[in-house]
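Numbering (the UniProt record's numbering), first residue to last: 1 to 395.
The beta carbon of each residue, even a glycine, is placed where N, CA and C say it ideally should be.
Structure first, commentary second.
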């Protein structure tokens, strides 16, 4: 009952290979019936492709050891056939037990795996875009696909047995890069890298790749998969070069602006002192009792004052431009009458307009126009607008 409950095809035979008993699963294999007990097993027809059955039984009895092999049936089922001698209670070899364990599903899975492996191998060998290079533990090339031929230029017959070093640059070979890749793949299972490689024609190409450890029952080594990304590397290099040029131009522009700001600061200091002195002396002329009634002197003093004020405003504008660029321009808000400031600017510019033959008139200043602003900056803006209009308006 114990043996029958296992669901394994089992046949007990004596030393003459006569059937003593059998389990139900064995019936479908040997076409057994109850009256076959006592008949020689080898005389029965069966579905097994097992011509070694008699020899294995003889070996089991003679050597007193278990024999085992995988056998298939005519319709594609697979079994592990095991013949084991058995002893009686008085320690005599009285016969053998033939067991047949169904392994059809396992064999089908193995066959499916082999088929998948063959398909993958075929795909690897025929793919054009990726180089797939298999090498042994010492780095000798044992497989070279079509993609490797396209990328590196060598045909398979040229590289089989050659060291993988031949696709590395002289610099990387000198630094031991091929061995370092294999060592990393051995220690961690994979080694990723991006580096320059060399084609058969000596041209350098930039490749992105990964090397993996391969360990099977039939082979131990490494598989390197790589693709040519030279175009991407070229674009990245151009972008890096452009960014570097932009950085240098920006630094030079910033340096030039700093030098200009420093120059403006020095220039304003050097110019304002003599301008202030000229302004003071010109005002003294207009107030001096001896000459203030002399028309020529008064006109000359007024012209000097106007020029000094104009030059001082230009200097202030340059300094303000420098301060604005560096974020140091301070604004002081207050309630400002734009109409009043504009009237003052027009009045101060009237003489220059007349001298240039330009008619200068203003409207809308009869009533106040109040805003919140920096009065100094408002005056600068209006002054620049009027002065530019006078400068670029033909007489």
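query                                                                                                                                                         : result
Along the chain, where does the alpha helix (DSSP H) containing residue 188 start, and where does it finish?                                                  : 177-188
I'd like the span of the alpha helix (DSSP H) that includes residue 76, first residue to last.                                                                : No alpha helix (DSSP H) contains residue 76, which DSSP labels as neither H nor E.
According to DSSP, is residue 16 helix, strand or coil?                                                                                                       : coil
For residue 42 versus residue 34, is the C-beta spacing smaller than 7 Å?                                                                                     : no
If contacts are defined as beta-carbon pairs under 8 Å, then residue 268 and residue 319 qualify, I think. What distance do you get, rounded to the angstrom? : 5 Å
Which term fits residue 60, buried or exposed, when burial requires 16 or more other beta carbons within 10 angstroms of its beta carbon?                     : buried
Work out the CA separation of residue 334 and residue 375 for me, nearest whole Å.                                                                            : 7 Å
So what's residue 68 in DSSP terms, helix, strand or just coil?                                                                                               : strand
I need the DSSP call for residue 221, collapsed to helix, strand or coil.                                                                                     : strand
To the nearest angstrom, report how far apart residue 324 and residue 202 are at their CA atoms.                                                              : 57 Å
Would you kindly report the start and end of the unbroken beta strand (DSSP E) that includes residue 204?                                                     : 204-215
Nearest by alpha-carbon distance to residue 75: which of 158, 49 and 147 is it?                                                                               : 49
Taking buried to mean at least 16 other C-beta atoms within 10 Å of its own C-beta, is residue 106 buried or exposed?                                         : exposed
Measuring alpha carbon to alpha carbon, tell me which of 197, 150 and 222 ends up nearest residue 184.                                                        : 222
Closest to residue 83 by C-alpha separation, out of 336, 56 and 389, would be which residue?                                                                  : 56
Of all the options 149, 282 and 138, which has the alpha carbon lying nearest to the alpha carbon of residue 219?                                             : 138
Helix or strand or just coil, what does DSSP make of residue 48?                                                                                              : strand
With distance defined between alpha-carbon atoms, name the residue in 194, 114, 347 and 281 nearest to residue 382.                                           : 347
Assuming residue 149 is part of the alpha helix (DSSP H), what are its boundary residues?                                                                     : 146-152
With DSSP as the reference, label residue 134 as helix, strand or coil.                                                                                       : strand
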